[in-house]
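Below is one structure; the comments refer to it alone.
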């Protein structure tokens, strides 16, 4: 923990943001984490599917924390994935003060990429910033208050002053095209990202090649990532890249300098405006389309997977709510506000003592009538392995929601104002909806996703809004293979940390063979 430029920050290898992790599809990644903080620590690899290996997902429901002064080595394969992702700490509100960095997965050389190689590529990690320590923010939530509004917006940990003293974040050669990997690593605010005077050609979203459209700006919701191409074809001088809050009562803005290598002038103080209203953002979401002819991590085209022709075997409807319970804010999904037990739910399940730690399925596939009556308990829902499921997120509140599902990508087939009914399926995009891991749900609106639960393990479905997640807007999906085979899921790693009631228990024999 360091006080970096007047801000308390968690540094990785002395850096903020942390060092990028570079890999290629199907590589094995080994990350040795030494915890030099004065509190427990965990990391998740946001968007990495951890095939058969939820043990390495780094969420509190799966992994015991890395205690101060100790280390833990994550070992995982980036199986059948490409794209732009990031890692961050999942313990408490540590992400509020850093600890995050980019994670990119390149395509294998034998698989063609649907655009020419760029001159170079750059990370752009944008986030709202509170100017307080994560411990202070945690105390505010624990005392029943909200964390309120952020103090500002930063890009790669900085905000350009605009007084001529700013060093460029990146440089571009005239006439060359560059790849920018943009992720919103913040706590709660949607950020609109744009370049001064330059369009952005969107080429990839969270592991999916997309139909390549040019955008003046992109709404990047919390937890989402976009990859764009930008060509240096303007007058050679400095230009701003801008990230500003959207759909809020406040207007906060962060800037960074992009400099032409032969540039001879400062960036103009006149900034391109952000769009107004969330209808614009909804229409932009509808414009995103899967590139059906491009190959992603495998040689076969993305469009060879006809998700729209698969029969739905189950529909789950999740509705978020908020209420005051004993003087404290509680956020819930289907009336249950999740709390992490001392023993991670995955460990309890593997050791065969789940009944001593939590109860399965305390929520049903339909939300209760009274959403204000909130139960506080571990929230674990069982799903059947290899079934094709439709999930509806309904948001009755006035603020936008953002959800991430660990272990999977899903098809974001629809999003509309109002409430969902089965008739809404007629409007689903069953041909070329993009496959991604994080979906936004607009105020007083719903969103629908579809996926096959083909990755056995214990996976967190979480609100990407840190305040909501910390106060219970999350759950775990238990996906178990009846065959109990290592073809479907790995056994408990020998190096896995144990805690809670299993700490002094003998390790069980391998569960899967």
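Numbering (full-length UniProt numbering), first residue to last: 1 to 513. We treat Cβ as the ideally placed atom computed from N, Cα and C, and that holds for glycine.
How do the region 83 to 97 and the region 27 to 43 stand: do at least 3 beta-carbon pairs fall below 8 Å, yes or no? Contact check between the region 83 to 97 and the region 27 to 43: three or more CB pairs, one atom from each, fall below 8 Å, which counts as touching.
Can you list, in chain order, the residues of its chain whose CB lies under 7 Å from that of residue 233, leaving out five sequence neighbours each side? Excluding residues within five positions, the ones whose Cβ falls inside 7 Å are 175.
Using three-state DSSP, classify residue 196 as helix, strand or coil. coil
Residue 441 versus residue 393: straight-line alpha-carbon distance, rounded: 7 Å
Compare the C-alpha of residue 185 against each of 129, 170, 212 and name the closest. The shortest Cα separation from residue 185 among 129, 170, 212 belongs to 129.
Less than 8 Å between C-beta atoms, sequence neighbours within five positions excluded: which residues of the same chain meet that for residue 503? No residues qualify anywhere along the chain.
Consult DSSP for residue 106 and reduce its assignment to one of helix, strand or coil. strand
Any idea which residues DSSP pairs residue 33 with across the strands? 72
Would the beta-carbon of residue 402 fall within 8 Å of that of residue 463? yes
List the endpoints of the continuous alpha helix (DSSP H) containing residue 276. Element bounds for residue 276: n/a, residue is neither H nor E.
With DSSP as the reference, identify every bridge partner of residue 219, one or two as the case may be. 192
Measuring CA to CA, which of 92, 342, 417, 378 is closest to residue 64? Cα-wise, what sits closest to residue 64 is 342.
Pick from 191, 359, 309, 422 that is closest to residue 452, judged by C-alpha positions: 309
Residues in its own chain within less than 8 Å of residue 19 by CB, not counting five upstream and five downstream? Close CB contacts of residue 19 within its chain, under the 8 Å cut and outside five residues either way in sequence, are with 12, 13, 101 (chain order).
Using a Cβ-Cβ cutoff of less than 6 Å, which residues in the same chain neighbour residue 315 once the five nearest sequence positions on both sides are dropped? The beta carbon of residue 315 is closer than 6 Å to those of 390 in its chain, skipping five residues each way along the sequence.
What number of angstroms, rounded off, separates the C-alpha of residue 240 from the C-alpha of residue 162? 9 Å
Quick check on residue 306: buried or exposed, where buried means 16 or more other Cβ atoms within 10 Å of its Cβ? The Cβ neighbour count for residue 306, taken over all protein chains shown within 10 Å, is under 16; the residue is labelled exposed.
Count the other CB atoms, across all protein chains shown, that sit within 10 Å of the CB of residue 151; report buried if there are 16 or more and exposed otherwise. exposed
Between residue 177 and residue 221, what straight-line distance do the alpha-carbon atoms span, to the nearest angstrom? Counting only the Cα atoms, residue 221 lies some 25 Å from residue 177.
Starting from residue 46, trace the beta strand (DSSP E) in both directions and tell me its first and last residue. 43 to 46
Where do the N-terminal and C-terminal ends of the alpha helix (DSSP H) with residue 145 fall, by residue? Taken as a continuous stretch (DSSP letters only), residue 145 belongs to no alpha helix (DSSP H), as it is neither H nor E.
Bridge partners for residue 290 per DSSP, in chain order? For residue 290, DSSP records a beta bridge to 210.
With three or more beta-carbon pairs closer than 8 Å as the criterion, would you say the region 319 to 332 touches the region 121 to 135? no
Evaluate residue 191 with the Cβ neighbour count: other Cβ atoms within 10 Å of its Cβ, from every protein chain shown; 16 or more gives buried, anything less gives exposed. A residue is called buried when at least 16 other Cβ atoms come within 10 angstroms of its Cβ; residue 191 meets this threshold and is buried.
Measuring CA to CA, which of 267, 207, 210, 254 is closest to residue 236? 267
Using only CA atoms, which one of 450, 480, 356, 325 lies nearest to residue 458? 480
Inter-residue CB distance, residue 25 and residue 66 (contact presumed, cutoff 8 Å): Going by Cβ atoms, the distance from residue 25 to residue 66 rounds to 28 Å, so no, they are not a contact pair.
Can the beta-carbon of residue 290 be found closer than 8 Å to that of residue 409? Going by C-beta atoms, residue 290 is not nearer than 8 Å to residue 409.
DSSP bridge partner residues for residue 403 (one or two, in chain order): 439, 463
Where residue 55 falls: helix, strand or coil (DSSP): helix
Report yes or no: is there a C-beta of chain C within less than 8 Å of the C-beta of residue 447? In the structure shown, chain C cannot be found, because there is only a single protein chain.
Please classify residue 58: is it buried, with 16 or more other beta-carbons within 10 angstroms of its beta-carbon, or exposed? buried
Under the three-state reduction of DSSP, which class applies to residue 91: helix, strand or coil? coil
Inter-residue Cα distance where the pair is residue 450 and residue 411: 5 Å
Need the endpoints of the alpha helix (DSSP H) that residue 347 sits in, please. 345 to 350
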